[in-house]
Amino acid sequence: MKLHLLENRNVGGYTTFGSVWEKGQVLPESGFVLTGGQGERIPLQSRVTATWPDGSVKWAAHTADSGKMGHQVTLEAKPEQGDKTDEGGAEREGAEQQTAPKDGVLTESADCFQLNCQRVSVTIPKTGSMLMRDLYVDGQKRAEGAMLVLLLERREGRTRTEIPGVGMISKVTVEDAGPLYWSFKLEGSHVLEPDAEHIIPFVVRLYFGLDSGQINITHTFLYDGDVNRDFLKGLGIRFYTTLQGESYNRHIKIGTDYGCFHESSVLLSSWHPRIPMEIYRDQIRGKAVDQNPEAQDLRNAASDMPSWSRYQLCQDSDSHFVIRKKTDEENCCLIDCLHGNRAKGTMAVGGTDGGLLIGKRDFWQKYPSGLEAEGLDREQTALTCWIYTPAAEAYDFRHYAATGYSQTYYEGFPEMGADPVGIANTNTLVLEGFGGVIPTDNEMEEFGRRVQKPAVYVADPEYYHQKRAFGYWSLPSEETPVERWLEEQLDRAVRFYENEIENRRWYGLFNYGDIMHTYDAVRHCWKYDMGGYAWQNTELVPTLWLWLMFLRTGREDVFSLAEAMCRHCSEVDIYHFGKYKGLGSRHNVRHWGCACKETRVAMAGHHRYYYYLTGERRLEDIFGEVKDAEQALYGTDPLRYFYNKEDMISPTHARTGPDWSSLVSDWMTQWERTGDPAYENKIRTGIEDIKQAPLKLISGPDFEFDPATSHLRYIGDKTTGGTHLQICMGAAQVWTELTLMLDDKEWEEMLAQYGRVYF
344 MKLHLLENRN
354 VGGYTTFGSV
364 WEKGQVLPES
374 GFVLTGGQGE
384 RIPLQSRVTA
394 TWPDGSVKWA
404 AHTADSGKMG
414 HQVTLEAKPE
424 QGDKTDEGGA
434 EREGAEQQTA
444 PKDGVLTESA
454 DCFQLNCQRV
464 SVTIPKTGSM
474 LMRDLYVDGQ
484 KRAEGAMLVL
494 LLERREGRTR
504 TEIPGVGMIS
514 KVTVEDAGPL
524 YWSFKLEGSH
534 VLEPDAEHII
544 PFVVRLYFGL
554 DSGQINITHT
564 FLYDGDVNRD
574 FLKGLGIRFY
584 TTLQGESYNR
594 HIKIGTDYGC
604 FHESSVLLSS
614 WHPRIPMEIY
624 RDQIRGKAVD
634 QNPEAQDLRN
644 AASDMPSWSR
654 YQLCQDSDSH
664 FVIRKKTDEE
674 NCCLIDCLHG
684 NRAKGTMAVG
694 GTDGGLLIGK
704 RDFWQKYPSG
714 LEAEGLDREQ
724 TALTCWIYTP
734 AAEAYDFRHY
744 AATGYSQTYY
754 EGFPEMGADP
764 VGIANTNTLV
774 LEGFGGVIPT
784 DNEMEEFGRR
794 VQKPAVYVAD
804 PEYYHQKRAF
814 GYWSLPSEET
824 PVERWLEEQL
834 DRAVRFYENE
844 IENRRWYGLF
854 NYGDIMHTYD
864 AVRHCWKYDM
874 GGYAWQNTEL
884 VPTLWLWLMF
894 LRTGREDVFS
904 LAEAMCRHCS
914 EVDIYHFGKY
924 KGLGSRHNVR
934 HWGCACKETR
944 VAMAGHHRYY
954 YYLTGERRLE
964 DIFGEVKDAE
974 QALYGTDPLR
984 YFYNKEDMIS
994 PTHARTGPDW
1004 SSLVSDWMTQ
1014 WERTGDPAYE
1024 NKIRTGIEDI
1034 KQAPLKLISG
1044 PDFEFDPATS
1054 HLRYIGDKTT
1064 GGTHLQICMG
1074 AAQVWTELTL
1084 MLDDKEWEEM
1094 LAQYGRVYF
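Position one of the sequence shown corresponds to residue 344 (this note's numbering), numbered consecutively onward.
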């Protein structure tokens, strides 16, 4: 399998990529070999992510150093461990020898994990407020610790009170245990002061590479507050570091839309005593000036200069940021340093022997975000990455109206259903330690590119098509005028939405990745304020559209669109806990606003593409949350307004599409990921019930459903929502891919028959 680096992506740090294999081709106990463009072996760590029903590997995830991979690599499946020879008979290295040198050590004690790699050493506590302690990079201590910080705004009438909190860890899981790559999953919730109230659960993942100084962090927070009083004022991760040197040798550098903003805590431009201009120039060039003969004069002068202790970058919209600073003195204001358009989302703080460099991905796209350094001139400096910056207005989770508009504004059901409790949001950070005083502008730019566009490796479309990755789809073809026209329309559709995202500014922490549903040709805008016509969420599966478009073309811009949509739809649009767990909210003005809570919005099929192509661990959580989504149908019958409960035999309903088809997507994903036969049985039970209907799959989509047994009960050919709902929400893609896993010719004929009749 040949893989290449996507265009406009940047090597640097470890990356994870997926591989797909034909049924029976690769056994789970087999290993894998990765070679570079010159035939050199590249250390590799692999895990199986999905298997075929016969137990062979369907998908695997592989992690390697993108700096060693370069632009093109070849992945091969090794024979099973008992056979270590190539086809030519040459002796092959064993799996353990092939993957990586054995000099990364993870040890566990009663209260923590200790990881020692070639470049990084760190302690991961099992409980408490610290995500990590004693971070050493290249032998130098770069951070004493890191913790999660929260600021809630409580409202009582016109009174607003800010309540701080810190994240408290309750569980730590080692998900990857080397020998090349280590990852830790930390779970808990924030604890407010002073009453120790637990609120806003979190899931944080920390990733470390054997010989890398880069630490990747994935931060997920979930909302469980009271919408009428718990407004999100601030949320982030804070790192504590000790910078060396005098305050005038403490530096800060921030990536902006044009170059970098760079200052020292004390700026050595003095009228009296006069400091030579060359010293000031050296300081702004990022040089330590302690060794200058005038060092004592510098210290004397610096003691009578403003000492800028706090710097704050606030991206308050997709088109504006501001950098402010202040001294450490109380009752003094912040002053503006710089206004700009779109900041890079990178900040470095350093002293005479180095410091910390941090970056947040999608920084301006998911505004209001921020970066802040406090105590730059003190013994300990705090560097905070704000996922939601307290410099902005607190976020309001309430609905836009107190009434449902089910008929006029297409809001589904008449009752109110705007409930954000159970939604989530995930963000990615990168942390590095560095030597020297401060990185150069070029180094900051290179770091920013790696943060915003990290390495992604994929195969060519022809390979995925040959292997039937994700089922049945076509490669581009322009052999006939009709085909040329179709390909042109597909390309124009992508370009249209790419432009609309920018033109309409579809950005923000809870919006980025989504698109709008319906255009208002009278006002010449999208119906952003009209109930079910506003945000798309996953209606008509734009997720599948973009991923299949990527598989057909291999285009990086399409991948980035699909990636952003996956992040949004898998977090904001679905419920991760609570009474709606496993369901999602239909399209609305607020993403969680619609009273229709359905399986189709949250089905695993939206996000399997991203998971299997990249091995993204966060989606494993989500697949686990939706695997038994049918349990939520006891309290949320999708056809509750069409049938009387007292006339039913089964406890709820499931249309073959989109309800049952979405459950099949959840079950199929769980079956192939874990091999659990219970989920295969759920699928086969429903298929057998459909076979007993008079016209099988064409018999009308409405069935009664028993979540306890997975049985469907035929109730006639009445259709409450039309047959298009049976097929337009991803059912065709789910069902046809399922045929590759089931040896059921009758099921295949049922699909072919449905296709003929529907067409």
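The beta carbon of each residue, even a glycine, is placed where N, CA and C say it ideally should be.
CA nearest to the CA of residue i, picked from the options
i, options, result
"D633", "S652, G694, L575, H605", "G694"
"I1070", "G1018, W1003, M1084", "W1003"
"G814", "E786, D803, R951, H605", "R951"
"P885", "H949, R835, C680, A945", "H949"
"G958", "V369, W364, R390", "R390"
"I858", "R866, V865, A864, W849", "W849"
"E788", "N353, T1017, L348, K345", "N353"
"H347", "V416, R910, H405, A975", "V416"
"Q288", "V400, Y986, G598, Q457", "The displayed coordinates of the chain run from 344 to 1102. Any statement about residue 288 would go beyond what the structure contains."
"L1054", "D1032, N768, T1062, K1039", "Reading off the sequence, residue 1054 comes out as His, not Leu. Of D1032, N768, T1062, K1039, the residue nearest in Cα terms is D1032."
"Y710", "A686, D916, Q388", "A686"
"D900", "I844, P994, T861", "I844"
"T1028", "L1085, V944, L458", "L1085"
"L1024", "W614, V1007, K1034, C728", "This sequence places Asn at residue 1024; Leu is not what is there. That would be V1007, whose Cα lies nearest to the Cα of N1024."
"N768", "G380, Q368, V546", "V546"
"G1065", "D1049, C728, R998", "R998"
"C912", "L887, L894, L818, T881", "T881"
"P782", "V969, G698, E821, T861", "G698"
"T378", "T394, M344, S399", "M344"
"L474", "K411, Q483, A453, V515", "V515"
"L565", "E914, A1036, R838", "E914"
Close beta carbons around residue i, own chain, < 7 Å, minus the five adjacent residues each side
i, result
"N931", "E754, G874, G875, A877, W878, C937"
"G1059", "G1043"
"C675", "K669"
"G588", "A631, D633, G694, T695"
"E436", "The predicted position of E436 is uncertain, since its pLDDT is 34 and thus under 50; a value taken from the coordinates is nonetheless stated next. Nothing listed; no residue qualifies."
"G556", "R462, V463, V480, D481, E775, G776"
"M1093", "K1039, L1040"
"A1095", "none"
"G579", "V492, T727, C728, W729, I730"
Sheet register partners of residue i (DSSP bridge)
i, result
"P290", "Residue numbering for the chain in the displayed model covers 344 to 1102; residue 290 lies beyond these limits and cannot be assessed."
"R384", "T378"
"W402", "V363, A393"
"S409", "Answer by DSSP bridge pairing: none, since S409 is not bridged."
"L699", "V692, G776"
"I506", "L495"
Inter-residue CB distance, residue i and residue j (contact presumed, cutoff 8 Å)
i, j, result
"W935", "I766", "6 Å"
"P507", "L493", "7 Å"
"T584", "A486", "5 Å"
"T942", "A907", "The pair is not a contact, with the Cβ atoms about 23 Å apart (cut-off 8 Å)."
"S373", "P422", "7 Å"
"S1005", "R1056", "Incorrect: roughly 18 Å between the Cβ atoms, too far for contact."
"G1115", "A734", "Because the chain spans 344 through 1102 in this model, residue 1115 falls outside it and cannot be assessed."
"D705", "Y840", "The pair is not a contact, with the Cβ atoms about 17 Å apart (cut-off 8 Å)."
Residues of its chain near residue i, where Cβ-Cβ distance is below 6 Å and the 5 sequence neighbours each way are ignored
i, result
"V463", "V480, F551"
"E439", "Note that E439 has pLDDT 36, beneath the 50 cutoff, so the model's placement of it is unreliable and no number is given."
"Y918", "G765, K924, L926"
"R503", "E496"
"T1082", "E1091"
"R1105", "Residue 1105 lies beyond the range of the chain shown here (344 to 1102); nothing can be said about it."
Chain-order list of residues whose beta-carbon lies under 8 Å from that of residue i (same chain, five-residue window excluded)
i, result
"L719", "L586, S590, R593, I595, S608, W651, S652, R653, Y654, V692"
"R960", "E518, S526, K528, R548, T561"
"E499", "R572"
"D554", "D408, C460, Q461, R462"
"R1099", "none"
Short CB-CB distance (under 9 Å) between residue i and chain D
i, result
"E496", "The chain labelled as chain D is not found in the depicted structure, where only one protein chain is given."
Near the ligand FMN: residue i beta-carbon under 8 Å from a heavy atom
i, result
"E1091", "Only the bare structure without any ligand can be found here, which leaves the ligand FMN out of the picture."
**Message:** Suppose only complete runs of 4+ residues qualify. What are the alpha helix (DSSP H) ranges in the stretch 607 to 673, listed by chain order?
**Reply:** 620 to 627, 638 to 645
**Item:** beta strand (DSSP E) runs contained entirely in the stretch 1035 to 1064, provided each spans 3 or more residues
**Value:** 1046 to 1049, 1054 to 1057
**Request:** Entirely within the stretch 464 to 503 and at least 3 residues each: give me those beta strand (DSSP E) ranges in chain order.
**Result:** 473 to 480, 483 to 499
**Item:** Contained alpha helix (DSSP H) runs [length at least 4] in the stretch 1070 to 1100, N- to C-terminal order
**Value:** 1074 to 1081
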